[in-house]
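Taking my numbering, the leading residue of the sequence shown gets 2, the next gets one more, and so forth. All residues carry an ideal CB built from backbone N, CA and C; glycine is no exception. Encoded as structure tokens, the structure appears first; notes follow it.
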Amino acid sequence: MRIEIVTGMSGAGKSSALKILEDLEYFCVDNLPLELIPKFIEILNFVETSKSKVAIGLDIRGGINLKKLNGVLEEIKKNGFQSSILFLEASDEVLIRRYKETRRVHPLAKRNGRIEDGIFKEREQLTAIKEISNYVIDTSSMQFKELNRSIQAIVVEGDHVSNMFVTILSFGYKYGTPRDADIIMDARFLPNPYYIEELREQTGQDVEVKKYVLENPVSKDFLARIKELLFFLLPNYRSEGKHQLVVGIGCTGGKHRSVALTEEIYASLRQDKQYDIYIEHRDIEK
Numbered sequence: 002m003r004i005e006i007v008t009g010m011s012g013a014g015k016s017s018a019l020k021i022l023e024d025l026e027y028f029c030v031d032n033l034p035l036e037l038i039p040k041f042i043e044i045l046n047f048v049e050t051s052k053s054k055v056a057i058g059l060d061i062r063g064g065i066n067l068k069k070l071n072g073v074l075e076e077i078k079k080n081g082f083q084s085s086i087l088f089l090e091a092s093d094e095v096l097i098r099r100y101k102e103t104r105r106v107h108p109l110a111k112r113n114g115r116i117e118d119g120i121f122k123e124r125e126q127l128t129a130i131k132e133i134s135n136y137v138i139d140t141s142s143m144q145f146k147e148l149n150r151s152i153q154a155i156v157v158e159g160d161h162v163s164n165m166f167v168t169i170l171s172f173g174y175k176y177g178t179p180r181d182a183d184i185i186m187d188a189r190f191l192p193n194p195y196y197i198e199e200l201r202e203q204t205g206q207d208v209e210v211k212k213y214v215l216e217n218p219v220s221k222d223f224l225a226r227i228k229e230l231l232f233f234l235l236p237n238y239r240s241e242g243k244h245q246l247v248v249g250i251g252c253t254g255g256k257h258r259s260v261a262l263t264e265e266i267y268a269s270l271r272q273d274k275q276y277d278i279y280i281e282h283r284d285i286e287k
């Protein structure tokens, strides 16, 4: 049996994560006090169930701390079960906005207290648990579908998941730069297939456009430099505790040059099994 511990900052998406795990046929229990988990594990040993995967949601309201959690992990191991910890994180700014939108009170904020104070206390109390977590997902700029994809990668691929998720994103400057991009590369200096009549209605996913963009000597040099930079940055970002990276490749409309380059970068990076590489073309249909 596999037991997934789901924890993290209040408002970071633990409930959404449990819904995703439930759809993946996990038996989910939310906000179970740590003291009750050993008894719950004992019951699992005696109850005949088709559920071989269990997810337990823990948050600050249940009095979670490192010493108690280590005891629970030992109990899980003693019963012959596998376990991992999934920690949901988000920036203070995003957590504050989410609380204001839902008009909820932070569990650690005093009566009539500020949300910021509650977030500060919770972050302080959960630091040690975050450090021992197997997976950390920062949901600050994530939509539900992206969280879904990340969690599926973790629970479906298991040990093959790298704990660092990299998205290579093409976009068009005319539609604005992506707000969640960590790195942005501007490809507008390259020859534009838009001005070639037979290529105008095609995209960077089509062979003719790819050939036009990628066989240009300047494009080849540009690609080589981007790849060299990313292969240098990725291990260093990860060693500093960064678990997500969004690399934006932009051109004017996000349909030709940026798409062709993004496809090529994605193909190169995904060969390195240390990272989970995703690709997205934001503006290709516009």
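In this structure, how does DSSP classify residue i when only helix, strand and coil are distinguished?
i	result
Gly12	coil
Arg283	coil
Lys54	strand
Ser85	strand
Arg201	coil
Glu26	coil
Asp222	helix
Glu216	coil
Gly251	strand
Leu234	helix
Glu241	coil
Leu33	coil
Arg62	helix
Asp93	helix
Leu1	Nothing can be reported for residue 1: it is not among the residues displayed for the chain, which extend from 2 to 287.
Arg98	helix
Arg258	helix
Asn80	coil
Ala18	helix
Ala110	coil
Check the DSSP bridge columns for residue i and list the partner residues they point to.
i	result
Glu209	Beta-bridge pairing links Glu209 to no other residue.
Ser105	Ser is not the amino acid found at residue 105; the sequence shown has Arg there. Answer is none; Arg105 lacks a bridge partner.
Glu5	Ala56 and Ser85
Ile278	Val167
Leu45	DSSP, once it has assigned bridges, lists no residue as partnering Leu45.
Leu246	Val167
With residue i and residue j assumed to form a contact (beta carbons below 8 Å), what rounded beta-carbon distance in angstroms separates them?
i	j	result
Lys131	Phe88	5 Å
Tyr27	Ser85	Not a contact, Cβ separation roughly 12 Å.
Leu19	Cys29	5 Å
Leu59	Leu33	7 Å
Gly249	Phe172	6 Å
Cys252	Ala188	5 Å
Ile266	Lys228	7 Å
Leu70	Leu35	7 Å
Met10	Ser53	Wrong, their Cβ atoms sit about 29 Å apart, outside the cutoff.
Gly255	Lys221	Rounded, the Cβ-Cβ distance is 21 Å, inconsistent with contact.
Gly12	Ala91	7 Å
Every unbroken alpha helix (DSSP H) within the segment 117 to 189, with a cutoff of 4 residues, ordered by chain:
145 to 158
Assess, as a yes-or-no matter, whether the segment 270 to 283 is touched by the segment 209 to 219 under the definition of 3 or more beta carbon pairs within less than 8 Å.
no
Report yes or no: do the segment 221 to 239 and the segment 145 to 159 share at least 3 C-beta pairs separated by less than 8 Å?
no
Taking three-plus beta-carbon pairs below 8 Å as touching, is the segment 134 to 153 in contact with the segment 99 to 110?
no
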